[in-house]
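Q:
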Amino acid sequence: MVYCKKQGTVLQTIKSERPKEYNEFIKKLGKKEISDENMIISSGEGNDSHIVATHFPCFCVKEGEYLTITTSARVVEKQTEEARALLTGKCFVFFIDKEGGENTKSKTHLIFRCNRIPVQFRYFCVYGAKGMTVEEAVRRDGRFVDGLTNFTLSDNENKFTTKCTEIVDNLDGRKFQICLPKTGKTKATNPPQNASASPKVQNIEVRKVLEYAAKNGVNLKIAIEKSENQVDQKEIIKILRDQFPRLREIMESRFTDRSYKTTLKNLKEEKFGKVQQSFSEAHRLEKLLKMGKSVCKVLVKRKDFIDDQGSDVCQGTGFVLFDRFVLTSAHLFDKCVQGKNLLDHIYISARFQYDDLDPETNYFYFYAEKTFIDIDKELDFAVLELKPDGEKFPPNSKPEHVKVPAGLLDRFGPLPGNGEACLIGHPAGSVKKIDPTCIIEPEKRKQAVMDHLALYETTLFTIMSVTEIIKSQPIESIMVGGTKADKVETYNTFMYHGASGSPVFGADCRVFGIHTRGFTYGFQRHETSVIEYAHPLLTIFEKFVINLIESGNDQMLEKVKEAVTKNKHLKKILVDLFLLDEPMEED
377 MVYCKKQGTV LQTIKSERPK EYNEFIKKLG KKEISDENMI ISSGEGNDSH
427 IVATHFPCFC VKEGEYLTIT TSARVVEKQT EEARALLTGK CFVFFIDKEG
477 GENTKSKTHL IFRCNRIPVQ FRYFCVYGAK GMTVEEAVRR DGRFVDGLTN
527 FTLSDNENKF TTKCTEIVDN LDGRKFQICL PKTGKTKATN PPQNASASPK
577 VQNIEVRKVL EYAAKNGVNL KIAIEKSENQ VDQKEIIKIL RDQFPRLREI
627 MESRFTDRSY KTTLKNLKEE KFGKVQQSFS EAHRLEKLLK MGKSVCKVLV
677 KRKDFIDDQG SDVCQGTGFV LFDRFVLTSA HLFDKCVQGK NLLDHIYISA
727 RFQYDDLDPE TNYFYFYAEK TFIDIDKELD FAVLELKPDG EKFPPNSKPE
777 HVKVPAGLLD RFGPLPGNGE ACLIGHPAGS VKKIDPTCII EPEKRKQAVM
827 DHLALYETTL FTIMSVTEII KSQPIESIMV GGTKADKVET YNTFMYHGAS
877 GSPVFGADCR VFGIHTRGFT YGFQRHETSV IEYAHPLLTI FEKFVINLIE
927 SGNDQMLEKV KEAVTKNKHL KKILVDLFLL DEPMEED
């Protein structure tokens, strides 16, 4: 056994830290040398027993965890070029059950490179860098068959599924079974070594190039060079033309006298020129950045009773109202509350100043009290109270300067109705991001949705099928004549999951809404939203005050009254509710 405590991979550390013991171990096997591909490194016992890859980073090994090294006559792990590049920064570790999931019990030969490993274990321990997809993590691992794709992960605890195209950021510490499609053949293959590229392998290489181009926003020539895949550019172009036969016709029918590049440039200038002008002016940008300090990443976690660790339930965004009170979206806490109380095994934290990924050492956070000040399903808002003491990351940082940022309650304003808007939030649990956008007026919402869908006609989906998906959601409620048509503000934004609860600012730098949701439809590799909306904060404030009155929370009500003295819009609401005396008019 070897105790791993240094930087580098576990096998590198075993060889460098215990060279004498390692060489004796090899000699006992009657061999001069054993390939890394035949090495097995195991850890844990019973239901937690697992094997790690030889390139598993030492900084991912838990303190006090011991690793045992053995060998196999069969190749267990292919040494991939990707795996030789040691990952740095934040990594996430998850576990793949050696037993297949639904429809896959007898298909593990289509998943794992070696099914006869001479070690007692339950899981393959897999890791991935922040932002890496499950498929990428599995591909670089080396212990899974080549080209494994089109699979899902089924959570061993709650059976929730994760697509192979989703990122690993939310999988840390979780245990899964791999599930292959019920019908059709998997693309996974284990080709003979040194074999020439087969059509299947070539298709995999083409897919890698397309994924690289889409992910990095580069053209095909650059994608082929950077991804170092030997594919024919003409073949990729043919695939794209076959997949989108109507795209060119649609573009040419709409823009007959202008090139695509000119058209897109002009559209951007026409639609976003004012937005860019408004939010690129230094004084506005300075105000936004200052108010953005109030925005926090909201993490909802479930406490694991076995090892006292926490696993993610969901993530969202919130912002400070005043003092230690934070406003966010109520739907983040579905199935986590009873009345206004969090379930015993659920806890919430608010992470501030989470603005930079590398190094991830400059944020601070507060835990929330177990009882909500208010939670309202109708308008989808919740008010949290943060505990007085915050903590910095890393934990050994001095906490004396940790305090909740200034709130935005005194910056609340009415819906602008049209013009420019700007969101600040944490989409997909990422660092804080800013998205300038345009408000879509009620009478233009339907056309905005159809314009969004037009380019996909007769390609991956038909307009009819996508429309049915959208209609299955309550999108009609925000259209003209709908129950929410005049009660929400709509726009387009790249901020989808994880951005719920984000403040939405107008061109006057007043915050008028809380980002609530979008109406989505799914492609094979990603989900897209056709339109998004925000609930107005003045409406939320009024409902919040009414809820405080009805619940008899007079102490909180007094704090609210003291906090709104500088905001005429909020003072008017309190006057209308007979909570403030109407100010006398001056001569």
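For the sequence shown, our numbering begins at 377 and goes up steadily by one.
Positions of the beta carbon are idealized from the N, C-alpha and C atoms, including for glycine.
Quantities reported herein were computed from a predicted structural model and do not represent experimental measurements.
1. Which same chain residues, not among the five before or five after GLU511, have their C-beta less than 7 Å away from its C-beta?
2. According to DSSP, what are the bridge partners of GLY549?
3. Just the C-alpha distance for GLY783 and ASP957, rounded to the nearest angstrom, thanks.
4. With VAL951 as the anchor, note down where its alpha helix (DSSP H) starts and where it stops.
5. Between LEU924, PHE709, THR866, PHE432, which lies nearest to LEU719 when the distance is taken from Cα to Cα?
6. Assign PHE701 to one of three DSSP states: helix, strand, or coil.
7. Nearest to THR866 by CA position, among HIS873, GLY894, TYR909, is which residue?
8. Relative to the C-alpha of ARG678, which candidate in ASP688, ASP531, HIS911 has its C-alpha closest?
9. With distance defined between alpha-carbon atoms, name the residue in THR444, ILE410, GLY406, TYR398 nearest to GLY420.
10. Taking just the CA atoms, how far does TYR739 sit from GLY795?
11. If you count every other CB in all the chains shown that lies within 10 Å of the CB of VAL469, and 16 or more means buried, which is it?
12. Identify which residue in LEU675, ASP827, PHE471 has its Cα closest to the Cα of ARG727.
13. Kindly list the residues whose CB is nearer than 6 Å to the CB of ILE925, restricted to its own chain and excluding five residues on each side of it in sequence; keep chain order.
14. Quick check: the Cα distance between LYS396 and THR430, rounded to an integer number of angstroms?
15. Just confirm the distance between the C-beta atoms of ASP811 and THR869, as a whole number of angstroms; I'd bet it's less than 8 Å.
16. I need the DSSP call for ALA706, collapsed to helix, strand or coil.
17. Given this structure, state the Cα-to-Cα distance separating TYR499 from ALA804, to the nearest angstrom.
18. According to the Cβ coordinates, are LEU946 and PHE788 closer than 8 Å?
19. So, with DSSP's three-state summary, where would you put ALA1049?
20. Only counting the same chain, and skipping five residues up and downstream in sequence, which positions put a Cβ closer than 7 Å to that of GLU645?
21. If LYS808 and VAL671 are in contact, beta carbons under 8 Å, what's the gap, nearest whole angstrom?
22. By a C-beta neighbour count over all protein chains shown, 10 Å radius and 16 as the cutoff for buried, is LYS438 buried or exposed?
23. Quick one: Cα of VAL921 to Cα of ASP522, how far?
24. Out of LEU760, ASP756, ASP827, which one is the CA nearest neighbour of ILE916?
25. Is the Cβ-Cβ distance between ALA505 and CYS467 less than 8 Å?
26. Which of the three DSSP states is assigned to GLY766 in this structure?
27. Between which residues of its own chain and PRO557 is the CB-CB distance below 7 Å, once the five residues before and five after are set aside?
28. For a test of the three-state rule: what should DSSP assign to PRO879, helix, strand or coil?
29. Which word fits GLY518, buried or exposed, when buried means at least 16 other C-beta atoms lie within 10 angstroms of its C-beta?
30. Quick one: measure Cβ to Cβ for THR389 and CYS434, integer angstroms, because I've assumed they're closer than 8 Å.
31. Let's see if you can read the secondary structure: which residues bound the alpha helix (DSSP H) around THR389?
32. How many Å lie between ALA883 and THR537 at the Cα?
33. Can you grab the Cα-Cα spacing for the pair ARG492 / THR385, in whole Å?
34. What's the gap between the Cα of GLY406 and the Cα of THR447?
35. In the DSSP assignment, the beta strand (DSSP E) including ASP750 goes from what residue to what residue?
36. Would you mind sorting PHE954 into buried or exposed? The rule is 16 or more other CB atoms within 10 Å of its CB.
A: Per the coordinate set shown:
1. Correct list, in chain order: THR525, CYS540, THR541.
2. Beta-bridge pairing links GLY549 to no other residue.
3. 25 Å
4. 944 to 952
5. PHE709
6. strand
7. TYR909
8. Selected option, being the one with the closest Cα: ASP688.
9. THR444
10. 34 Å
11. Burial check for VAL469: the Cβ neighbour count within 10 Å reaches 16 or more, so the residue is buried.
12. The shortest C-alpha to C-alpha distance from ARG727 to any of LEU675, ASP827, PHE471 is the one to LEU675.
13. Within the same chain, and ignoring the five residues on either side of ILE925 in sequence, no residue has its Cβ closer than 6 Å to its Cβ.
14. Using only the alpha carbons, I get a separation of about 19 Å.
15. 5 Å
16. helix
17. 27 Å
18. yes
19. In the structure displayed, the chain extends from 377 to 963; residue 1049 sits before or after that span and is not available.
20. Because the pLDDT at GLU645 is just 48, under 50, the model does not fix this residue reliably, and the value given afterwards should be weighed accordingly. So the list is empty, once near-sequence residues are dropped.
21. Right, the Cβ-Cβ distance comes to about 6 Å (below 8 Å), so this counts as a contact.
22. Residue environment analysis places LYS438 among the exposed positions, since fewer than 16 neighbouring C-beta atoms fall within 10 angstroms of its C-beta.
23. 59 Å
24. ASP756
25. Yes, they are a contact pair.
26. coil
27. ASN526
28. Reduced to three states, the DSSP call for PRO879 is strand.
29. buried
30. 5 Å
31. 386 to 393
32. 41 Å
33. Those two C-alpha atoms are separated by around 24 Å.
34. 12 Å
35. In the DSSP annotation of this structure, the continuous segment of the beta strand (DSSP E) that includes ASP750 starts and ends at 750 to 752.
36. exposed
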